[in-house]
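Colleague: Numbering (the numbering used here), first residue to last: 26 to 311.
The structure follows.
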């Protein structure tokens, strides 16, 4: 009887949590990383830190630790499309972030979705290869990636290696040249992370197509390895600022500043790559 009485009281007094429909909504289209350091779980943490209600569409499963990828398993195209259909009755998200896809077969559904939501800001982080060298997207489909995604987002955020790969250049070339090729392919703006670096400084290259030359953002170089999921956190932060109505340059500046604060609050505590432990509040002022 005690258990039945408890169950009855629980049903009477328990109030199920209700999602706050007044919150702005973010959508992440990305992979699942079981460590939580990258992919849709990391994107969701960032968006929620910025005050968004987050929806997610799973593109691929990526069983991995913080320093090793075991496999890349894209979802089927029908299952991928059904996720978009499941969200069709909801209002368009205030911001969209695209991460690891895992298969060229998923480009068409994303392209169609971007065309339907072209008035919403979107950021694509082209996750092509893991830090251990595992290919996360087929090299032969890089041009199609630019055609279907790169041309239809507000910002593309490759790291230097991904920028060279997408522009079909050797890594001995200038990152400025890589950015020029990406812009000429129809990408409206590019942020190349760690485009230049030396023993003390790391510089990111930001170049929107309306400027005749790039803007450089310099940061002090970390002696430790970058935390797992760094690219996910940065691109999600920029997408968050865009969804708040910031213009592109302001969103990039604030996103980079927020990201540097996140690095400070996530010190390395072991010999392996860490994950972001605490996320700072959004940067409101420079």
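Cβ atoms here follow ideal geometry from the backbone N, Cα and C, with glycine treated the same way.
Please report the residue range of the alpha helix (DSSP H) in which residue 96 lies.
Modeller: No alpha helix (DSSP H) contains residue 96, which DSSP labels as neither H nor E.
Colleague: Using three-state DSSP, classify residue 244 as helix, strand or coil.
Modeller: Reduced to three states, the DSSP call for residue 244 is strand.
Colleague: Is the beta carbon of residue 171 sitting closer than 8 Å to the one on residue 153?
Modeller: Against a cut-off of 8 Å, the Cβ pair of residue 153 and residue 171 comes out as no contact.
Colleague: Are the Cβ atoms of residue 214 and residue 183 separated by less than 8 Å?
Modeller: Against a cut-off of 8 Å, the Cβ pair of residue 183 and residue 214 comes out as no contact.
Colleague: For the segment 56-66 against the segment 245-261, do three or more pairs of beta-carbon atoms, one drawn from each stretch, fall closer than 8 Å, so that the two count as touching?
Modeller: Segments in contact, yes.
Colleague: Give, in chain order, every unbroken run of the alpha helix (DSSP H) that is at least 4 residues long and sits entirely within the segment 156-194.
Modeller: Listed in chain order, the complete alpha helix (DSSP H) runs (minimum 4 residues) inside the segment 156-194 are 167-173, 185-191.
Colleague: Taking 8 Å as the CB-CB cut-off, is residue 138 touching chain C?
Modeller: Absent from the structure: chain C. Only one protein chain is present.
Colleague: Does DSSP put residue 33 in a helix, a strand or coil?
Modeller: Any reading at residue 33 must be qualified, since the residue scores a pLDDT of 42, below 50, and its modelled position is unreliable; no value is offered.
Colleague: For residue 115, count neighbouring C-beta atoms within 10 Å of its own C-beta (all shown protein chains included) and say buried if the count is 16 or more, exposed if not.
Modeller: The residue is exposed, with fewer than 16 neighbouring Cβ atoms inside 10 Å.
Colleague: Going by Cα to Cα distance, which pick from 109, 136, 72, 163 is closest to residue 98?
Modeller: Nearest option by C-alpha distance: 163.
Colleague: Got a sec? Which residues, its chain only, sit under 7 Å from residue 136 by beta carbon, not counting five neighbours each side?
Modeller: Cβ neighbours of residue 136 beyond the five flanking positions: 173, 174, 177.
Colleague: Excluding five sequence neighbours on each side, which residues of the same chain lie with their C-beta closer than 6 Å to the C-beta of residue 120?
Modeller: Answer for residue 120: 51, 146, 264, 267, 268, listed in chain order.
Colleague: Hey, out of 118, 202, 189, whose CA is closest to residue 82's CA?
Modeller: The shortest Cα separation from residue 82 among 118, 202, 189 belongs to 118.
Colleague: Relative to the alpha-carbon of residue 306, which residue among 96, 104, 79, 70 has its alpha-carbon at the smallest distance?
Modeller: The shortest Cα separation from residue 306 among 96, 104, 79, 70 belongs to 70.
Colleague: Quick test of your reading: residue 102 and residue 85, contact by CB under 8 Å. State the CB separation rounded to the nearest angstrom.
Modeller: About 12 Å; that fails the 8 Å criterion.
Colleague: The beta strand (DSSP E) spanning residue 123 covers which residue range?
Modeller: Unbroken beta strand (DSSP E) run through residue 123: 120-123.
Colleague: Grab the span of the beta strand (DSSP E) containing residue 117 for me, first residue to last.
Modeller: Premise fails: residue 117 is in no beta strand (DSSP E) and is neither H nor E.
Colleague: Going by beta carbon distance, what residues of the same chain come within less than 6 Å of residue 194, once the five residues before and after it are set aside?
Modeller: So the list reads 203, once near-sequence residues are dropped.
Colleague: The beta strand (DSSP E) that contains residue 134, what's its start and end?
Modeller: Premise fails: residue 134 lies in the alpha helix (DSSP H), 132-141, not in any beta strand (DSSP E).
Colleague: Is residue 284 closer than 8 Å to residue 304 when the C-beta atoms are compared?
Modeller: The answer is no: Cβ separation not under 8 Å.
Colleague: Please classify residue 218 as buried or exposed, where buried requires at least 16 neighbouring CB atoms within 10 angstroms.
Modeller: Answer is buried; the Cβ neighbour count reaches 16.
Colleague: Under the rule that 16 or more other beta-carbon atoms within 10 Å means buried, what is residue 95, buried or exposed?
Modeller: Under this definition residue 95 is an exposed residue.
Colleague: CA-CA distance, residue 288 and residue 244?
Modeller: Looking at the two C-alpha atoms, the distance is approximately 11 Å.
Colleague: In whole angstroms, give me the CA-to-CA distance for residue 107 and residue 134.
Modeller: Near 10 Å, if we compare the C-alpha coordinates of residue 134 and residue 107.
Colleague: Pick helix, strand or coil for residue 206, following the three-state DSSP scheme.
Modeller: Helix.
Colleague: Hey, would you say residue 230 sits closer than 8 Å to residue 212, going by beta carbons?
Modeller: Not a contact, by the Cβ cut-off of 8 Å.
Colleague: Roughly how many angstroms separate the alpha carbons of residue 78 and residue 126, rounded to a whole number?
Modeller: Going from the Cα of residue 78 to the Cα of residue 126 covers about 22 Å.
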